[in-house]
Amino acid sequence: MAAPRAPLHLVAPRWNAGTRGIRGLSRAAAPEGNQKKGRSLLQFLADRFYDVQALREYLLRKQAWKMHQKNRFQGKEWIRSNARGHFSLDFLKLQTVPVEAVDASGCAVNYQGLDSLLALKELQVLWLQRCPHVDDWCLSRLHPLASSLQELSLAGCPKISERGLACLHHLQNLRKLDISDLPAVSNPGLTQILVEEMLPDCKVVGADWARGLKVGQEEQYQDITSPIPA
Amino acid sequence: MLRTASWPRWGRTLLARGLGSRRGGSAPDQNGKVSEIKKKIQSVLPGGAWNPLYDTSYLPPEHSDVVIVGGGVIGLSVAYWLKRLEKPRGAIRVLVYSRASTVLSVGGIRQQFSVPENIQLSLFSIEFLRNINEYLAVVDDPPLDIQFNPSGYLLLASEKGAALMESNVKVQRQEGAKVCLMSPEQLRNKFPWINTEGVALASYGMEHEGWFDPWCLLQGLRRKVQSMGVLFCHGEVTRFISSSNHMETRSGEEVTLKRIHEVHVKVDHSLEYQPVECAIVINAAGAWSGQIAQLAGIGKGPPGTLQGTKLPVEPRKRYVYVWHCPQGPGLETPFVIDPSGVYFRREGLGNNYLGGCSPTEEEEPDPGNLEVDHDFFQDKVWPSLAQRVPAFETLKARSSWAGYYDYNTFDQNGVVGPHPLVINMYFATGFSGHGLQQAPAVGRAVAEMVLQGHFQTIDLSPFLFSRFYLGEKVQEHNIV
Numbered sequence: 004m005a006a007p008r009a010p011l012h013l014v015a016p017r018w019n020a021g022t023r024g025i026r027g028l029s030r031a032a033a034p035e036g037n038q039k040k041g042r043s044l045l046q047f048l049a050d051r052f053y054d055v056q057a058l059r060e061y062l063l064r065k066q067a068w069k070m071h072q073k074n075r076f077q078g079k080e081w082i083r084s085n086a087r088g089h090f091s092l093d094f095l096k097l098q099t100v101p102v103e104a105v106d107a108s109g110c111a112v113n114y115q116g117l118d119s120l121l122a123l124k125e126l127q128v129l130w131l132q133r134c135p136h137v138d139d140w141c142l143s144r145l146h147p148l149a150s151s152l153q154e155l156s157l158a159g160c161p162k163i164s165e166r167g168l169a170c171l172h173h174l175q176n177l178r179k180l181d182i183s184d185l186p187a188v189s190n191p192g193l194t195q196i197l198v199e200e201m202l203p204d205c206k207v208v209g210a211d212w213a214r215g216l217k218v219g220q221e222e223q224y225q226d227i228t229s230p231i232p233a
Numbered sequence: 192m193l194r195t196a197s198w199p200r201w202g203r204t205l206l207a208r209g210l211g212s213r214r215g216g217s218a219p220d221q222n223g224k225v226s227e228i229k230k231k232i233q234s235v236l237p238g239g240a241w242n243p244l245y246d247t248s249y250l251p252p253e254h255s256d257v258v259i260v261g262g263g264v265i266g267l268s269v270a271y272w273l274k275r276l277e278k279p280r281g282a283i284r285v286l287v288y289s290r291a292s293t294v295l296s297v298g299g300i301r302q303q304f305s306v307p308e309n310i311q312l313s314l315f316s317i318e319f320l321r322n323i324n325e326y327l328a329v330v331d332d333p334p335l336d337i338q339f340n341p342s343g344y345l346l347l348a349s350e351k352g353a354a355l356m357e358s359n360v361k362v363q364r365q366e367g368a369k370v371c372l373m374s375p376e377q378l379r380n381k382f383p384w385i386n387t388e389g390v391a392l393a394s395y396g397m398e399h400e401g402w403f404d405p406w407c408l409l410q411g412l413r414r415k416v417q418s419m420g421v422l423f424c425h426g427e428v429t430r431f432i433s434s435s436n437h438m439e440t441r442s443g444e445e446v447t448l449k450r451i452h453e454v455h456v457k458v459d460h461s462l463e464y465q466p467v468e469c470a471i472v473i474n475a476a477g478a479w480s481g482q483i484a485q486l487a488g489i490g491k492g493p494p495g496t497l498q499g500t501k502l503p504v505e506p507r508k509r510y511v512y513v514w515h516c517p518q519g520p521g522l523e524t525p526f527v528i529d530p531s532g533v534y535f536r537r538e539g540l541g542n543n544y545l546g547g548c549s550p551t552e553e554e555e556p557d558p559g560n561l562e563v564d565h566d567f568f569q570d571k572v573w574p575s576l577a578q579r580v581p582a583f584e585t586l587k588a589r590s591s592w593a594g595y596y597d598y599n600t601f602d603q604n605g606v607v608g609p610h611p612l613v614i615n616m617y618f619a620t621g622f623s624g625h626g627l628q629q630a631p632a633v634g635r636a637v638a639e640m641v642l643q644g645h646f647q648t649i650d651l652s653p654f655l656f657s658r659f660y661l662g663e664k665v666q667e668h669n670i671v
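Okay, structure coming up:
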């Protein structure tokens, strides 16, 4: 498709009256006055009654649990499901358009499920945040995307360890990699350094390498404020 | 088998009925007493472990359907698949464990072999490892983490071996392995720490290759196999009692078929032994399978005949060295195998590496003990390493260990399947250094052979014992 690329931004998810979406926490517009009052009443009740708290948690979980399968095509905006989880039928007209970005955050993608993602030869952005079944074996399958993939996010995946990160070196065109909050990585600071060395052109975001360093005594603290250049 | 006869079942229901008629009394207490009584009754019956004269609980049982000689990863894998593939009747197995080389292994798994059957074995094994928690799940136990590093293998070839490597890669791709060929220039771009002098071609496994923790696999198999009802015992096999049958083949030749009836298992540090009556013996004794085969009478006969063909598996000592090199290759380092036979891989995040080299025939060390020869590292391994990876000139050796290969002197490939003359002995040995990576698949193949009489999923007929007599070598070229 030769359409010029419109600026592509993620639009904040819709509001469910009375609850806050987890994404909305950082990117949402300011709430209106009456909504705010309604929320603080609910908050007041939730602090005092377990039932109301459970109801709020249930509504929150229900919203987070909806499969946010968003796809961005070349030149188009994000395509996402509507309130009921259905996709619009215009989707089918775009079958020949190469897919550029996939947001599969929170989805239950596993090793076999990656077959469909690997067929996308022009994929540039892949977000696999908080996917519970993505592990080291899945990462070893990503090498066919090496020629096109530029951005990869693995934040919050519970099963990924530093052994899987080692096979990301096939992705030579990668420019942005997010490896924050990986609980199975044994030494996040050291892993960040090693991954940065492995992918010199890529900006690696995530583990703060200075976190693993121990601060000595008070007098020495002033010397260690700025990171030692590599 | 008398053990599962009707009497204990009737006895159990009698006890249960007796329990139901009583009210009061704490329920868990009654359950404990009932199970104790049941256990006592079962042990008194023939086949149980109760002996009224003295305590024999440390000895193996007197009867067993299958005796697996060897408690390493191959033996445990055979036990697992036998229990998994058997039709509902539970048969008892006994494992005689003496020593295992599994935990001393470097733990690599690859599909870059030249024989198609080896590639298929390795492909199934990697699939087994990927789904290990579905295969080896035990109730209430934590899931296994075999710490798999999917970094792949990098085999380097000189001018001489380049053509062979190309044809090997074609075979590997046909079987479904994901391997790519690289020229020296591509190699330098991808891995700048490599010195490509003398390298004409390299093959790099992209997926399904890497290394893992063999101890974890062994523990997982052990735990699962124990939960399936397999019995373990420590001891040494000292004797086989067998009977012979003189028969005639269709062409009128006389053949002596042997059948093993009893295995004498000697307890450690004692002269006591227990004769275990069995139906099938599986020789998975690794480096010592040659001795076990000799005990069974394999190879006793005029040389050149089938009776005189020995099992050509002997222990060969191999060293593994660990070193530290702060400027060494980075996180992306695959398992590198040099054309000179030297190999190394990374270990962990701390710039530690481990590796070694297979000595030539003249330099073979004495397999009598597991002492490490440090001069071998200085003279043979380090120079090749430093030549291939210049950063390794400043390495510091940390530690080392030695282990045995169950080396098949005939063609360095495994021996799987029954012996043509000793009809109830099955082999699963002789893998010459790549037994660990083929263990799950070999276990399944042997279990199929035992339960169904033929190979079903992977056809390992080129690996039968008869090839030693017929002289058909299945030579594997990519052995380190």
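If you read the sequences in order, they're chains S and W.
Counting in our numbering, the first sequence runs from 4 upward without gaps.
Counting in our numbering, the second sequence runs from 192 upward without gaps.
Positions of the beta carbon are idealized from the N, C-alpha and C atoms, including for glycine.
Only a predicted model underlies this, so the values are computations on that prediction, with no experimental measurement involved.
Pop quiz: residue 452 (chain W) and residue 427 (chain W) are said to be a contact at Cβ under 8 Å. What is the actual Cβ separation, rounded to whole angstroms?
At roughly 19 Å, the Cβ-Cβ gap does not stay under 8 Å, so residue 452 (chain W) and residue 427 (chain W) are not in contact.
Can you find a CB in chain S that lies within less than 8 Å of the CB of residue 397 (chain W)?
yes
Mind checking if residue 136 (chain S) is an interface residue toward chain W, Cβ cutoff 8 Å exclusive?
no
Go ahead and pull the three-state DSSP assignment for residue 35 (chain S).
Low confidence applies here, because residue 35 (chain S) scores a pLDDT of 41, under 50, leaving its location unreliable; read the following figure in that light. Correct three-state label for residue 35 (chain S): coil.
Give the range of the alpha helix (DSSP H) segment to which residue 106 (chain S) is assigned.
In the DSSP assignment, residue 106 (chain S) falls outside any alpha helix (DSSP H) and within the unbroken beta strand (DSSP E) covering 102-106.
For chain W, find out if any of its Cβ atoms is closer than 8 Å to the Cβ of residue 167 (chain S); answer yes or no.
yes
Helix or strand or just coil, what does DSSP make of residue 26 (chain S)?
Any reading at residue 26 (chain S) must be qualified, since the residue scores a pLDDT of 41, below 50, and its modelled position is unreliable; the value itself is stated next. DSSP places residue 26 (chain S) in coil when its eight states are reduced to three.
If I follow the unbroken alpha helix (DSSP H) through residue 266 (chain W), where does it start and stop?
264-276
Which complete alpha helix (DSSP H) runs does the region 418-459 of chain W hold, if anything under 4 residues is left out?
Assignment of alpha helix (DSSP H) within the region 418-459 of chain W, counting only whole runs of 4 or more residues, yields no such run.
Compare the C-beta of residue 538 (chain W) with all C-beta atoms of chain S and state if any pair is closer than 8 Å.
no
Using CA coordinates, which residue listed in W:568, W:407, W:587, W:653 is at the minimum distance from residue 547 (chain W)?
W:568
Can you find the residues in the same chain that come closer than 7 Å, C-beta to C-beta, to residue 207 (chain S), ignoring five residues on each side of it along the sequence?
Once the five neighbours on either side are set aside, the close Cβ partners of residue 207 (chain S) are 180, 182, 195, 198, 199.
When you compare only the Cα positions, how much space is there between residue 224 (chain W) and residue 230 (chain W)?
10 Å
Over what stretch of residues does the beta strand (DSSP E) that includes residue 236 (chain W) continue unbroken?
It is not in any beta strand (DSSP E) - residue 236 (chain W) carries neither H nor E in the DSSP assignment.
For residue 174 (chain S) and residue 150 (chain S), I'd like the C-alpha separation in whole angstroms.
7 Å
Could you give the distance in angstroms between the alpha-carbon of residue 541 (chain W) and the alpha-carbon of residue 511 (chain W)?
18 Å
Chain W partners of residue 198 (chain S), CB-CB under 8 Å?
522
Closer than 6 Å by C-beta to residue 655 (chain W): which residues in its own chain qualify, once you throw out the five before and the five after it? Chain order, please.
608
Is the number of C-beta pairs between the region 307-318 of chain W and the region 646-661 of chain W that are closer than 8 Å three or more?
yes
Can you find the residues in the same chain that come closer than 6 Å, C-beta to C-beta, to residue 156 (chain S), ignoring five residues on each side of it along the sequence?
130, 132, 181
Taking any Cβ of chain S, which residues in the region 306-331 of chain W have a Cβ under 7 Å from it, in chain order?
Listed by position along the chain: 321.
In the structure shown, what three-state DSSP assignment does residue 602 (chain W) receive?
coil
Leaving out five residues on either side along the sequence, give the residues of the same chain with a beta carbon under 8 Å from the beta carbon of residue 316 (chain W).
300, 628, 629, 630, 631, 632
Can you tell me whether residue 517 (chain W) is buried or exposed? The criterion is at least 16 other CB atoms within 10 Å of its CB, across all chains shown.
Exposed is the label assigned to residue 517 (chain W), since fewer than 16 other Cβ atoms lie within 10 Å of its Cβ.
So residue 502 (chain W) and residue 430 (chain W) are in contact, right, with Cβ under 8 Å, and what is the actual spacing, rounded?
At roughly 17 Å, the Cβ-Cβ gap does not stay under 8 Å, so residue 502 (chain W) and residue 430 (chain W) are not in contact.
Among residues of its own chain, excluding the 5 on either side of residue 416 (chain W), which ones have a beta-carbon nearer than 6 Å to its beta-carbon?
If we look at residue 416 (chain W) and ignore the five residues flanking it on each side, its Cβ neighbours are 267, 270, 271.
Can you pull out the residues from the region 144-157 of chain S whose beta carbon lies closer than 7 Å to at least one beta carbon of chain W?
144, 146
Can you list, in chain order, the stretches of the beta strand (DSSP E) that have 3 or more residues and sit fully within the region 595-665 of chain W?
606-609, 616-620
Using a Cβ-Cβ cut-off of 6 Å (strictly less than) and excluding sequence neighbours within five positions of residue 447 (chain W), which residues of its own chain qualify?
435, 437
Between which two residues does the beta strand (DSSP E) harbouring residue 259 (chain W) extend?
254-260
Please state whether DSSP places residue 668 (chain W) in a helix, a strand or coil.
coil
When the cut-off is 8 Å and only beta carbons count, does residue 383 (chain W) lie next to chain A?
Included in the structure are the protein chains S and W, with no chain A among them.
Just to confirm the assignment, what range does the alpha helix (DSSP H) spanning residue 679 (chain W) have?
As displayed, chain W neither begins before 192 nor continues past 671, which places residue 679 (chain W) out of reach and without an answer.
Whole angstroms are fine: how far does the CA of residue 277 (chain W) sit from the CA of residue 419 (chain W)?
For residue 419 (chain W) and residue 277 (chain W), the gap between their C-alpha atoms comes out near 12 Å.
Just mark residue 30 (chain S) as buried or exposed, buried being the case when its beta carbon has 16 or more other beta carbons within 10 Å.
Any reading at residue 30 (chain S) needs caution, since the residue's pLDDT is 35, under 50, leaving its predicted position unreliable; the model's value is listed next. Exposed is the call here.
Of the residues that make up the region 335-368 of chain W, which ones have a beta carbon closer than 8 Å to any beta carbon in chain S?
338, 339, 340, 341, 342, 343
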